[in-house]
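Undergrad: So the first sequence is numbered by the working numbering: it starts at 103 and just counts up by one. Please find one structure pasted underneath; my questions will follow.
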Amino acid sequence: MRTFECTLPEGWFRLSGESTVETRGNGVLPVVRHMLRLDEDLSDFYVVAKSDPDLAWATRGAGRMLRSPTVFEDVVKTICTTNCTWSATVRMVSALVEHLGIGAFPSPQAMAEVDESFYRDVARAGYRGAYLRSLALSVADGAIDLEKLNDPALSDEEVAARLLALPGVGPYATAHVMMLVGHYGCLILDSWTRPKYARLRRRKMVPDATIERRFRRYGRYAGLAFWLYLTRDWVEEAGPPL
DNA sequence: CGTCCAGGTCTAC
DNA sequence: GGTAGACCTGGACGC
Numbered sequence: 103m104r105t106f107e108c109t110l111p112e113g114w115f116r117l118s119g120e121s122t123v124e125t126r127g128n129g130v131l132p133v134v135r136h137m138l139r140l141d142e143d144l145s146d147f148y149v150v151a152k153s154d155p156d157l158a159w160a161t162r163g164a165g166r167m168l169r170s171p172t173v174f175e176d177v178v179k180t181i182c183t184t185n186c187t188w189s190a191t192v193r194m195v196s197a198l199v200e201h202l203g204i205g206a207f208p209s210p211q212a213m214a215e216v217d218e219s220f221y222r223d224v225a226r227a228g229y230r231g232a233y234l235r236s237l238a239l240s241v242a243d244g245a246i247d248l249e250k251l252n253d254p255a256l257s258d259e260e261v262a263a264r265l266l267a268l269p270g271v272g273p274y275a276t277a278h279v280m281m282l283v284g285h286y287g288c289l290i291l292d293s294w295t296r297p298k299y300a301r302l303r304r305r306k307m308v309p310d311a312t313i314e315r316r317f318r319r320y321g322r323y324a325g326l327a328f329w330l331y332l333t334r335d336w337v338e339e340a341g342p343p344l
């Protein structure tokens with residue numbers, strides 16, 4: 103029987119390969135609920151999407167960004183997407199899980215306990231190693247509490263500032279993680295989203311300002327609208343094939 | 001085999 | 001405050 107384990111803000115849970123569940127604390131359901139964002143109220147977004155032919159399909163219930171059990175995990179994974187191919191991201195994250203996790207994503211403590219050589223020689227994270235280790239150390243010793251970023255009371259500016267202050271987290275990573283912690287105002291503009299948007303519009307390229315203008319009507323959901331526009335073809339029945 | 005660059009970020013002007 | 005250059009890695013190219 104394989105066991106999957108993951109540290110959580112509320113405690114911990116354990117899932118077996120046979121789907122039997124052992125829990126302590128609040129149990130596994132709140133975690134799944136959290137990951138699937140089941141409590142999110144997107145009705146304000148749907149009001150605008152309903153009148154947008156390109157996004158009306160989303161009002162069926164799309165828009166719940168899947169997140170990791172912890173913000174820490176999402177930040178680490180996001181750093182591992184920067185300036186490299188997706189296969190490299192998978193390689194780095196897999197190494198963290200395989201060598202530092204117990205069949206699951208490692209805790210900040212586990213990531214803080216290994217030295218630079220692990221990140222360099224095993225995870226092959228390159229210059230990101232210093233960022234990851236520094237982040238893990240700060241979270242492990244309590245200097246940084248990333249889980250507080252899920253607090254809906256925080257303003258966009260506050261969340262953005264805290265993320266930008268993290269090692270290895272710049273504008274792209276900030277916009278990405280903000281989406282995952284429920285702040286949908288910023289568009290994720292990067293080397294994947296820009297060309298993809300241009301392709302969907304059947305243009306060679308589209309200036310950022312033009313993209314921003316197109317989703318301006320969505321206000322605090324502009325980033326979510328942009329993301330759904332780009333990933334429509336990920337939802338089989340919804341979109342026209344490219 | 002060398003160059004480029006991928007879901008960028010940081011530092012130094 | 002805006003902008004080049006450097007930066008690990010490794011897969012995809014051109015020669």
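Virtual Cβ for every residue (Gly too), placed ideally from N, Cα, C. In this text the structure is predicted, and so the values were computed from the model without any measurement.
1. Taking DSSP as the reference, what is the three-state secondary structure of V308?
2. Roughly how many angstroms lie between the CA atoms of R296 and W329, to the nearest whole one?
3. For the candidate residues F207, A160 and A151, whose alpha-carbon lies nearest to that of W336?
4. Classify M281 as buried or exposed, calling it buried when 16 or more other Cβ atoms lie within 10 Å of its own Cβ.
5. Expressed to the nearest angstrom, what Euclidean distance is found between the alpha-carbon atoms of C186 and M137?
6. Taking all protein chains shown into account, decide if M307 is buried (16 or more other Cβ within 10 angstroms of its Cβ) or exposed.
7. Going by beta carbon distance, what residues of the same chain come within less than 6 Å of F174, once the five residues before and after it are set aside?
8. Let me check understanding here. Comparing Cα to Cα, which of V177, G244, R318 and L265 lies closest to G287?
9. Compute the beta-carbon to beta-carbon distance between V216 and Y320, rounded to the nearest angstrom, for a pair I have assumed lies under 8 Å.
10. Using a Cβ-Cβ cut-off of 8 Å (strictly less than) and excluding sequence neighbours within five positions of A300, which residues of its own chain qualify?
11. At which residue ranges does the segment 132-206 contain complete alpha helix (DSSP H) runs of 4 or more residues, listed in the order of the chain?
12. Just checking, does the segment 215-229 make contact with the segment 255-269 on the three C-beta pairs under 8 Å criterion?
13. Work out the CA separation of E218 and G163 for me, nearest whole Å.
14. How big is the Cα-Cα spacing for L251 and V283?
15. Rounded to a whole number of angstroms, what is the C-alpha to C-alpha distance between S47 and R316?
16. Does the separation of the CB atoms of K298 and L326 fall below 8 Å?
17. Go ahead and pull the three-state DSSP assignment for A313.
18. Could you tell me the distance, in whole angstroms, from the CA atom of R116 to the CA atom of A212?
19. The alpha helix (DSSP H) spanning V261 covers which residue range?
20. Indicate the three-state DSSP secondary structure (helix, strand or coil) for T125 in the structure shown.
21. Near Y221, what residues of its chain come up, given a Cβ to Cβ distance below 8 Å and the 5 sequence neighbours on each side ignored?
22. Between the alpha carbons of D223 and A197, how many angstroms are there, rounded?
TA: Considering the structure as presented:
1. Taking the first residue of the first sequence as 1, we reach residue 308 at position 206. DSSP places V308 in coil when its eight states are reduced to three.
2. As a working mapping, residue 296 is identified with position 194 in the first sequence. As a working mapping, residue 329 is identified with position 227 in the first sequence. C-alpha separation (whole angstroms): 11 Å.
3. Translated into positions along the first sequence, residue 336 becomes position 234. The option with the nearest alpha carbon to W336 is A160.
4. For the purposes of this step, residue 281 is taken as residue 179 along the first sequence, with counting starting at 1. By the C-beta density criterion, M281 is buried, having at least 16 other C-beta atoms within 10 angstroms.
5. Sequence index remark: in the first sequence, residue 186 carries index 84 (1-based). Sequence index remark: in the first sequence, residue 137 carries index 35 (1-based). Computed Cα separation, rounded: 26 Å.
6. Numbered from 1 along the first sequence, position 205 holds the residue referred to as residue 307. Looking at its Cβ environment, which holds fewer than 16 other Cβ atoms inside 10 Å, M307 is exposed.
7. If you number the first sequence from 1, residue 174 lands on position 72. Around F174: P210, V241 and L248.
8. Looking up residue 287 in the first sequence gives position 185. It is R318.
9. Locating residue 216 in the first sequence gives position 114, where the first residue counts as 1. Locating residue 320 in the first sequence gives position 218, where the first residue counts as 1. So it is not a contact: roughly 42 Å between Cβ atoms.
10. Residue numbering aside, residue 300 sits at position 198 when the first sequence is read from its first letter. So the qualifying residues of the chain are K306, M307 and V308.
11. 145-152, 173-181 and 188-202
12. no
13. Counted from its first residue, the first sequence places residue 163 at position 61. Counted from its first residue, the first sequence places residue 218 at position 116. Going from the Cα of G163 to the Cα of E218 covers about 44 Å.
14. Against the first sequence, residue 251 aligns to sequence position 149. Against the first sequence, residue 283 aligns to sequence position 181. Distance between the alpha carbons of L251 and V283: 7 Å.
15. Only positions 103 to 344 of the chain appear in this structure, which leaves residue 47 out of reach.
16. Residue numbering aside, residue 298 sits at position 196 when the first sequence is read from its first letter. Residue numbering aside, residue 326 sits at position 224 when the first sequence is read from its first letter. Not a contact, by the Cβ cut-off of 8 Å.
17. Within the first sequence, the letter at position 211 stands for residue 313. A small fix is needed here, since residue 313 is Ile in this sequence, not Ala. I313 falls in the helix class under three-state DSSP.
18. Residue mapping note: residue 116 aligns to position 14 of the first sequence, counting from 1. Residue mapping note: residue 212 aligns to position 110 of the first sequence, counting from 1. Low per-residue confidence applies at R116: pLDDT is 38, beneath 50, and the placement is therefore not dependable, though the value from the model is reported in the following sentence. Whole-angstrom Cα-Cα distance: 18 Å.
19. Within the first sequence, the letter at position 159 stands for residue 261. It spans D258 to L266 - the alpha helix (DSSP H) in which V261 sits, taken as one unbroken run.
20. By 1-based counting over the first sequence, the position of residue 125 is 23. With a pLDDT of 48 at T125, under the threshold of 50, the modelled position of this residue cannot be trusted; read the value that follows with caution. T125: strand per DSSP, three-state reduction.
21. Looking up residue 221 in the first sequence gives position 119. Cβ neighbours of Y221 beyond the five flanking positions: A227, R230, G231, A232, L234 and R235.
22. On the first sequence, position 121 is the one that residue 223 refers to. On the first sequence, position 95 is the one that residue 197 refers to. Cα to Cα, D223 sits roughly 11 Å from A197.
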